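*Asks:* Take a look at the following structure, please.
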Amino acid sequence: MKSVGDGTRALNFFIDTILVTILAIVLFKWYNFYVMYWRYTPFHFGWFFFPVLFTYYFLFELFFLKTPGKWLTYSRVVAKNGKRPNWYMIGFRSLLRLTLIDLFFSPFLGGPLHDFASATTVVQDPAK
-15 MKSVGDGTRA LNFFIDTILV TILAIVLFKW YNFYVMYWRY TPFHFGWFFF PVLFTYYFLF
45 ELFFLKTPGK WLTYSRVVAK NGKRPNWYMI GFRSLLRLTL IDLFFSPFLG GPLHDFASAT
105 TVVQDPAK
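Numbering-wise, the sequence shown is residues -15 to 112 according to this note's numbering.
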């Protein structure tokens, strides 16, 4: 079980953020159709982005232990003991991603806050 480096984590973040943004934009535009023609209450883009971000990470990591970004970099999420993380560990991990200070803990904790607080880590996925 070998942990991935900062470059791999940055690439995972970049790929997943692009996908989350695209999904949130599609939902935002779809909802704005109803705002325009059916007079629904308008919401700011953040009301779409953050729930999509949480749902994206929670569902992908819960069912597959990896997101599309992690698929491309051959990495996956595991508990600190090397086993599959519990659903509440993944939920807490996904919830902590919503905080703005998550990445600023890397110099102090050796990784982002969502890894430290949820007792998970990202490791290389063995080639199959």
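Think of the CB as a built atom: it goes at the ideal place given N, C-alpha and C, for glycine as much as any other residue.
The model shown is predicted, which means the values in this text are computed figures rather than measured ones.
May I ask you to verify whether the stretch 47 to 57 touches the stretch 83 to 98, counting CB pairs closer than 8 Å and requiring at least 3?
*Replies:* No, the stretch 47 to 57 is not in contact with the stretch 83 to 98.
*Asks:* In the structure shown, what three-state DSSP assignment does Arg60 receive?
*Replies:* Residue mapping note: residue 60 aligns to position 76 of the sequence shown, counting from 1. If DSSP states are grouped into helix, strand and coil, Arg60 belongs with the strands.
*Asks:* Could you name the residues of the same chain whose beta carbon sits closer than 8 Å to that of Asn70, not counting the 5 residues immediately before and after it, in chain order?
*Replies:* The residue given as residue 70 occupies position 86 in the sequence shown. Only Ala63 meet the Cβ criterion.
*Asks:* Could you tell me whether the stretch 66 to 82 touches the stretch 11 to 26, where touching means 3 or more Cβ pairs closer than 8 Å?
*Replies:* Flag = no, the stretch 66 to 82 and the stretch 11 to 26 do not touch.
*Asks:* Specify the secondary structure class of Thr83 as computed by DSSP and reduced to three states.
*Replies:* Here residue 83 refers to the residue found at position 99 of the sequence shown. Here Thr83 sits in coil by DSSP.
*Asks:* Going along the chain, which residues of its own chain have a beta-carbon closer than 8 Å to the beta-carbon of Tyr40, five neighbours each way excluded?
*Replies:* Sequence index remark: in the sequence shown, residue 40 carries index 56 (1-based). Taken in chain order, the residues that qualify are Asp0, Leu3, Val4, Leu7 and Thr51.
*Asks:* Along the chain, where does the beta strand (DSSP E) containing Thr5 start, and where does it finish?
*Replies:* Here residue 5 refers to the residue found at position 21 of the sequence shown. Note, Thr5: premise wrong, no beta strand (DSSP E); alpha helix (DSSP H) at Asp(-10) to Trp22.
*Asks:* Can you give me the start and stop residues for the alpha helix (DSSP H) that Thr39 sits inside?
*Replies:* As a first step, residue 39 is located in the sequence shown; it is residue number 55 there, counting from the start. Residues Gly30 to Phe47.
*Asks:* Decide if Pro84 is buried, meaning its Cβ has at least 16 other Cβ atoms within 10 Å, or exposed.
*Replies:* Here residue 84 refers to the residue found at position 100 of the sequence shown. The question names Pro, but residue 84 in the sequence shown is Leu. The residue in question, Leu84, is exposed, as its Cβ has fewer than 16 Cβ neighbours within 10 Å.
*Asks:* In the DSSP assignment, find the unbroken alpha helix (DSSP H) run with Asp99 in it and report its ends.
*Replies:* Translated into the one-based positions of the sequence shown, residue 99 becomes position 115. Unbroken alpha helix (DSSP H) run through Asp99: Leu97 to Ser102.
*Asks:* Under the assumption that Thr57 contacts Thr(-8) (Cβ atoms under 8 Å), give the Cβ distance between them as a whole number of angstroms.
*Replies:* Here the question's residue 57 lines up with position 73 in the sequence shown. Here the question's residue -8 lines up with position 8 in the sequence shown. At roughly 5 Å, the Cβ-Cβ gap stays under 8 Å, so Thr57 and Thr(-8) are in contact.
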